[in-house]
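Order-wise, the sequence lines are chains A and B.
Residue numbering for the first sequence follows our numbering, beginning at 1 and increasing consecutively.
Residue numbering for the second sequence follows our numbering, beginning at 204 and increasing consecutively.
Backbone N, C-alpha and C define an ideal beta-carbon position, used for all residues, glycine too.
Every value quoted in this text rests on a predicted model; they were computed, and no experiment measured them.
See structure below.
2 protein chains.
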Amino acid sequence: MSSTNSLTSEELGSPAQRERRQRILDAAVALSAKGGFEQMQMRAVAERADVALGTLYRYFPSKIHLLVSVLGQQFEEAYLSLVRKPIPGDTAADRVMFVLGRTTRSLQREPNLTEALTRAFMFADASVAGEIHVVEVHVTRMLMAAMRNSRDATTLQPTEEELAITKVVGDVWLASLVQWVTGRASAHDVGASLDTAVRLLLR
Amino acid sequence: MSSTNSLTSEELGSPAQRERRQRILDAAVALSAKGGFEQMQMRAVAERADVALGTLYRYFPSKIHLLVSVLGQQFEEAYLSLVRKPIPGDTAADRVMFVLGRTTRSLQREPNLTEALTRAFMFADASVAGEIHVVEVHVTRMLMAAMRNSRDATTLQPTEEELAITKVVGDVWLASLVQWVTGRASAHDVGASLDTAVRLLLR
DNA sequence: AACCGAACTGGAACGTGTTCCTATTATGCA
DNA sequence: TGCATAATAGGAACACGTTCCAGTTCGGTT
Numbered sequence: 001m002s003s004t005n006s007l008t009s010e011e012l013g014s015p016a017q018r019e020r021r022q023r024i025l026d027a028a029v030a031l032s033a034k035g036g037f038e039q040m041q042m043r044a045v046a047e048r049a050d051v052a053l054g055t056l057y058r059y060f061p062s063k064i065h066l067l068v069s070v071l072g073q074q075f076e077e078a079y080l081s082l083v084r085k086p087i088p089g090d091t092a093a094d095r096v097m098f099v100l101g102r103t104t105r106s107l108q109r110e111p112n113l114t115e116a117l118t119r120a121f122m123f124a125d126a127s128v129a130g131e132i133h134v135v136e137v138h139v140t141r142m143l144m145a146a147m148r149n150s151r152d153a154t155t156l157q158p159t160e161e162e163l164a165i166t167k168v169v170g171d172v173w174l175a176s177l178v179q180w181v182t183g184r185a186s187a188h189d190v191g192a193s194l195d196t197a198v199r200l201l202l203r
Numbered sequence: 204m205s206s207t208n209s210l211t212s213e214e215l216g217s218p219a220q221r222e223r224r225q226r227i228l229d230a231a232v233a234l235s236a237k238g239g240f241e242q243m244q245m246r247a248v249a250e251r252a253d254v255a256l257g258t259l260y261r262y263f264p265s266k267i268h269l270l271v272s273v274l275g276q277q278f279e280e281a282y283l284s285l286v287r288k289p290i291p292g293d294t295a296a297d298r299v300m301f302v303l304g305r306t307t308r309s310l311q312r313e314p315n316l317t318e319a320l321t322r323a324f325m326f327a328d329a330s331v332a333g334e335i336h337v338v339e340v341h342v343t344r345m346l347m348a349a350m351r352n353s354r355d356a357t358t359l360q361p362t363e364e365e366l367a368i369t370k371v372v373g374d375v376w377l378a379s380l381v382q383w384v385t386g387r388a389s390a391h392d393v394g395a396s397l398d399t400a401v402r403l404l405l406r
């Protein structure tokens, strides 16, 4: 597994390069959505994105880097869509459950894509730290926004307790998703696990 | 990835077969301990266990099946060693932390082996459900024994609440281990995460 | 416009997990 | 003991992630 980072769209000079990068990400999404982790094959991504295999590897140093980058982009969109309106719910627990439920349902609408992204995330090693950090930041922001119920939650310093709870909820969420994508838990089970965890943590 | 299960030692007829199976598991442990997931290569396992590659695949239908089977065996040993004496600690939280701390330290003593086993566990798909279930049973038993502080904890029916807490703790444990083996968290971070989760859950 | 270095193309090649095939050996049964 | 069947050995072959290379194109500089 390569040790360098994926190219971010900021550090890409020309518009043509940014377009190429986005074509690659789009191709990865399309192929993952069709056939999951195994069928998202690097040669197929390159062909669909209309770039050479070597170019694909210049932009994303491995299949895992590519998929975790996709995940980061998906969560960024989810976060932006989420904070457009105030989060409904009277208590922190209600709001966190709203966010978890909404995001989980959205993931479950594209099971193959979610399988590919989740497995890549879990399989990633230290070289993918940068891409993973992006995902973690978005998840933390989403949950923090729910706990705070305020659009400027990111500007206030979170308390230790809030961060701890956020981390546990994130861990449970991830573990549940893994169980779901590997067929060891149903969609309902995921909801129940999150419900239980939030109830235990935010009481 | 194959869809059949690994051969368990019970369903293996001859003693020679049981020995072969154990030689394979031992070889997998040795090679994983030396070089982690990537260096535990199927050809090397077959050679070290003195079986043909095809035979290795007859016993374990994939590298993931093999590693998760190893994990099951390791947890079985850990469980048996644990329940030999009463678990120290006055409260459920103390005893759960004792078990988590002890097991985690033991895993961290063989970082490469733990890396291989954890990544295999996280990467496993639905076809590995049987092997994964074995692991889950042992983990649940260990944590339940700690919460109950009684050797016959397995015979009593656990309450819903106990099961829910056990599941959340297990999820956090796994997520922390993943972060540790992928270099995204230190050994100390793992302890701190577990400490926090147990404190939040068993208060 | 000519030039230079970086980026890209197309494709071969390599490594490792996995599959497959044939010859040989072990096992259980009559 | 002799036979039928299953299990194993040995190794070729395949798939896909990854690397590498020679030739071509692109973008900026003078």
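Would DSSP call B:Q220 helix, strand or coil?
helix
Rounded to whole angstroms, what is the Cα-Cα separation between B:S212 and A:Y59?
47 Å
Any idea if A:S2 is buried or exposed, counting beta-carbon neighbours within 10 angstroms, 16 or more meaning buried?
Any reading at A:S2 must be qualified, since the residue scores a pLDDT of 41, below 50, and its modelled position is unreliable; the value itself is stated next. Classification for A:S2: exposed.
Helix, strand or coil, according to DSSP, for A:S106 in the structure here?
helix
Is the Cβ-Cβ distance between A:H65 and A:V128 less than 8 Å?
Yes; because the gap between Cβ atoms is below 8 Å, this pair is in contact.
Indicate whether the contact test is met: 3 or more Cβ pairs, each with one atom in the stretch 72-79 of chain A and one in the stretch 130-147 of chain A, closer than 8 Å.
Touching, yes.
Would B:A348 and B:V371 qualify as a contact pair, given that the criterion is a beta-carbon distance under 8 Å?
No; because the gap between Cβ atoms is not below 8 Å, this pair is not in contact.
Listed in chain order, which residues of the stretch 325-341 of chain B have Cβ atoms closer than 7 Å to some Cβ of chain A?
M325, F326, A327, D328, A329, A332, I335
Can a CB atom of chain A be found closer than 8 Å to the CB of B:G394?
no
If you measure between the beta carbons of B:N315 and B:S379, is that distance less than 8 Å?
no
At 7 Å on the CB atoms, spell out the chain A contacts of B:A370, in chain order.
Checking the sequence, you will find Lys at residue 370 of chain B rather than Ala. By Cβ distance, chain A contributes S193.
Going along the chain, which unbroken runs of the alpha helix (DSSP H) with 4 or more residues stay wholly within the stretch 301-352 of chain B?
List check, alpha helix (DSSP H) in window: 314-326, 332-351.
Determine, for B:V387, whether the minimum Cβ-Cβ distance to residues of chain A falls below 8 Å.
This sequence places Arg at residue 387 of chain B; Val is not what is there. Chain A, which has a Cβ nearer than 8 Å to the Cβ of B:R387, makes this yes.
Would you identify the three-state DSSP class for A:K63, choosing helix, strand or coil?
helix
What number of angstroms, rounded off, separates the C-alpha of A:Q22 from the C-alpha of A:A28?
10 Å
Considering only residues of the same chain and omitting the five flanking positions on each side of B:V384, which have a CB-CB separation below 8 Å?
P314, T317, E318, T321, R322
May I ask you to report which of helix, strand or coil DSSP gives A:M42?
helix
My parser needs the beta strand (DSSP E) runs of 3 or more residues fully inside the stretch 168-196 of chain A; what are they?
none
Using a Cβ-Cβ cut-off of 8 Å (strictly less than) and excluding sequence neighbours within five positions of B:L397, which residues of its own chain qualify?
M300, L303, G304, T307, V372, V375, W376, S379
Going along chain B in order, which residues have a C-beta closer than 8 Å to the C-beta of A:T196?
A367, K370, V371
What residues in its chain sit with their C-beta under 6 Å from that of B:N208, if we drop five residues either side in the sequence?
G333
Chain B beta carbons: is any one of them nearer than 8 Å to that of A:A187?
no
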